[in-house]
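Colleague:
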Amino acid sequence: MNDYTMAFTSVNYMYKNVLFSVSPLVYLLLLELLFNVCKSATPGEINKHLELGRDFLSRGQLSDALNHYHAAVEGDPNNYLTYFKRGTVYLALGKAKNALSDLDKVLELKPDFTAARLSRGSVHLKQANFDLAQLDFYNVLTVDPYNPDATDYIHRIEPARERYALAQSYYQAEDYYMAIQYLTAVLETSPWAPEIRQLRADCYMRSGDRLAAVTDIRSATRLQSDNTDGYYKLAQILYELGHATDALKEVRECLKLDPEHKDCFPFYKKLKRVEKFLTEAENSVEQKEYFKCIESAEKVIKNEKDVQMIIFNAQQYLCTCYMRDEQTAQALTACQEALDIAQEPGVFCDRAEAYLQSEMYDDAIRDYKSALDIDETFTRAKEGMQRAQKLQHQAEKRDYYKILGVKRSATKREIIKAYRKAAQKWHPDNFQGDEKKLAEKKFIDIAAAKEVLTDEEKRQQFDAGEDPLDPEQQGGRGSAHHFNNFQYGSPFQFRFHFN
């Protein structure tokens, strides 16, 4: 007779003999008990879960392994080995609190299980619970005096305890550098101790190294469950550092734990708005939609009046987008606003580009040099310096853009239109005497400008600071400019093609 048949028989008997002698509530409780008996896992099912858990564990699929160990524990809540295996998976997942709970249960069911006591002691040591760790290791050595792991662990406890005490003394003395050194040494033994990471984070903050503090605060927050204050503090620091997107992620973690958190919720509303505008500005730069970039960056400044690094990010976008949109005056103002907050090589390069647009070569070279003083490996600054120096040298000679009266960003159509207009104006047939000689020179320059600026390769050379029609700069490549070979008679003989 199987479990189901036995249960049904019991219910039938109870229906016939007990139904009218007990209250309805008691009857329902009895039915629930019998139902639980029917649905409990069989030994075969439990073994199957254990087998699958072991298989997933061997393949590194920890979450899947954990699910099967959960099922095995539910099926047989008195099997100490199942708790031990699940505790091992929890440790692999970094869930020390859950692992300790399972290891406690193992030792409750089987106090002489040395492997579980050793494992629990190692967790206590990693959490800097030195007294509890020492007790577990002593108990292991009582049973197994030569256990190498217990001996090794117990020898680590006293040095770690002493270093922690020294770190606290240095902290009280406001010697944060030495406190950090000792706390770092303690964390090599006790990496899961949130209070030690929080203390080191505080030392970093007081030393002015907020970025290093972020790493410790993040770790400490992950090590503690329901630590809304940790997530809020982390979001605040990241925001003050100008990392709005990262700050938004952390404040969302806070709201997952407490959707109405008194600090996280109002901060989230403001942060979400600012982060959205910064992201829009970044995307607009990538899409070369500079007007939209400027619009989004100005919205950031409107919404944030106090946090300097957020304002810096917005001014940096304004600097870049005004420069690329050739609004030079506005670019120079925005770049200066950004540099007043932080000396960043990229901003110096953007301002240098704006100076080049205004042919202020000395100022551009100075800004590229400032960028290289901050980061001597910054490729953009190196290349920009070389280009600015070439353009400065080139400015002393012919400027084909100036000859045709077009911007450096002019299209080929605009260049040809300007060329036709200039060629008609300065055609030598329109002049006499000395004026004709001047017209001939201008006419040759106009033709040269058209030749260079309508040829993509030659224009790129010129934009890089080289004159493709200058034999000296070409190092002997090609022949001298052919317009110099024209012979002028009277009337003027050569033909000019407007194409």
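Heads up: the sequence shown begins at 14 in the numbering used here, then just goes up one per residue.
Ideal placement from N, C-alpha and C gives every residue a C-beta, glycine not left out.
For Gly-221 versus Ile-230, is the C-beta spacing smaller than 8 Å?
Modeller: no
Colleague: Per the contact definition of three or more C-beta pairs closer than 8 Å, is the stretch 144-162 in contact with the stretch 179-199?
Modeller: no
Colleague: Closest by CA to Ala-198, which one among Gln-185, Arg-174, Met-218 and Tyr-217?
Modeller: Arg-174
Colleague: How about Val-360 and Leu-369: do their beta carbons lie closer than 8 Å?
Modeller: no
Colleague: Is it buried or exposed for Lys-98, if we count other Cβ within 10 angstroms and need 16 for buried?
Modeller: buried
Colleague: How about Leu-138 and Thr-55: are their beta carbons less than 8 Å apart?
Modeller: no
Colleague: Can you give me the Cβ contacts of Thr-241 inside the same chain, cut-off strictly under 6 Å, excluding the 5 residues immediately before and after it?
Modeller: Residues of the same chain with a CB within less than 6 Å of the CB of Thr-241, apart from the 5 flanking positions on each side, are Cys-267, Leu-270, Asp-271 and His-274 in chain order.
Colleague: For Thr-101 versus Leu-63, is the C-beta spacing smaller than 8 Å?
Modeller: no
Colleague: Along the chain, which unbroken stretches of the alpha helix (DSSP H) at least 4 residues long are found entirely within the stretch 456-482?
Modeller: 469-476
Colleague: Determine whether the beta carbon atoms of Tyr-381 and Ala-401 lie at a separation below 8 Å.
Modeller: Yes, Cβ-Cβ distance for Tyr-381 and Ala-401 is below 8 Å.
Colleague: Can you tell me whether DSSP reads Asn-49 as helix, strand or coil?
Modeller: Only weak support exists for where Asn-49 lies, its pLDDT of 49 falling under 50; the coordinates are left without a value.
Colleague: Here's the rule I'm using: 16 or more other beta-carbon atoms within 10 Å means buried, otherwise exposed. How should Tyr-190 be labelled?
Modeller: exposed
Colleague: Measure the alpha-carbon distance for Asp-162 versus Ala-192 and round it to whole angstroms.
Modeller: 29 Å
Colleague: Taking the alpha-carbon positions, what's the Asp-376 to Val-419 distance?
Modeller: One C-alpha to the other measures close to 23 Å.
Colleague: At a cut of 8 Å, does the stretch 388-404 reach the stretch 433-453 through at least three beta carbon pairs?
Modeller: No, the stretch 388-404 is not in contact with the stretch 433-453.
Colleague: Using CA coordinates, which residue listed in Phe-444, Gln-407 and Asn-443 is at the minimum distance from Gln-474?
Modeller: Gln-407
Colleague: In angstroms, rounded to a whole number, what distance separates the CA positions of Tyr-195 and Leu-212?
Modeller: 11 Å
Colleague: From what residue to what residue does the alpha helix (DSSP H) around Asn-152 run?
Modeller: Note, Asn-152: alpha helix (DSSP H), 143-156.
Colleague: Taking the alpha helix (DSSP H) that Phe-278 falls in, what are its first and last residues?
Modeller: 277-299
Colleague: Compute the Euclidean distance between the alpha carbons of Glu-263 and Phe-290, then round it to the nearest angstrom.
Modeller: 18 Å
Colleague: Considering only the alpha carbon of each residue, which of Arg-223, Asp-239 and Pro-279 lies closest to His-256?
Modeller: Arg-223
Colleague: What is the residue span of the alpha helix (DSSP H) that Arg-379 lies within?
Modeller: Residues 374-387.
Colleague: State the CB to CB distance for the pair Val-136 and Ala-105, rounded to an integer number of angstroms; the pair is presumed to be in contact (CB under 8 Å).
Modeller: Actually they do not touch by this definition, with Cβ atoms about 12 Å apart.
Colleague: Ordered along the chain, which non-local residues of its own chain (more than five positions away) have a Cβ less than 6 Å from that of Leu-32?
Modeller: In this predicted model, Leu-32 has a pLDDT of only 43, less than 50, meaning its place in the structure is not dependable; the value taken from the coordinates is given anyway. Once the five neighbours on either side are set aside, Leu-32 has no close Cβ partner at all.
Colleague: Hey, would you say the C-beta of Leu-200 is under 7 Å away from at least one heavy atom of the ligand ADP?
Modeller: The ligand ADP is not part of the structure shown, which contains no ligands of any sort.
Colleague: Alpha helix (DSSP H) containing Ala-186: first to last residue?
Modeller: Neither: Ala-186 is in no alpha helix (DSSP H) and is coded neither H nor E.
Colleague: My output table needs one value for Ala-206: the three-state DSSP class, helix, strand or coil.
Modeller: The three-state secondary structure of Ala-206, taken from DSSP, is coil.
Colleague: Tell me the DSSP secondary structure of Leu-254 in three-state form.
Modeller: coil
Colleague: For Ile-378, count neighbouring C-beta atoms within 10 Å of its own C-beta (all shown protein chains included) and say buried if the count is 16 or more, exposed if not.
Modeller: buried
Colleague: Please state whether DSSP places Glu-171 in a helix, a strand or coil.
Modeller: helix
Colleague: Grab the span of the alpha helix (DSSP H) containing Lys-318 for me, first residue to last.
Modeller: From DSSP, Lys-318 is part of no alpha helix (DSSP H); its letter is neither H nor E.
Colleague: Whose CA, out of Gln-343, Gly-73, Asn-91 and Ile-429, lies closest to the CA of Ile-59?
Modeller: Asn-91
Colleague: Does DSSP put Pro-272 in a helix, a strand or coil?
Modeller: Judged by DSSP in its simplified three-state form, Pro-272 adopts coil rather than helix or strand.
Colleague: Going by beta carbon distance, what residues of the same chain come within less than 7 Å of Pro-207, once the five residues before and after it are set aside?
Modeller: Ala-233, Leu-236 and Gln-237
Colleague: Return the chain-ordered list of same chain residues with a C-beta closer than 7 Å to the C-beta of Leu-404, the five sequence neighbours on each side being excluded.
Modeller: Leu-369, Tyr-374 and Gly-478
Colleague: Within the same chain, show all residues whose beta-carbon is closer than 6 Å to that of Glu-293, passing over the 5 residues directly before and after it, in chain order.
Modeller: Ser-309
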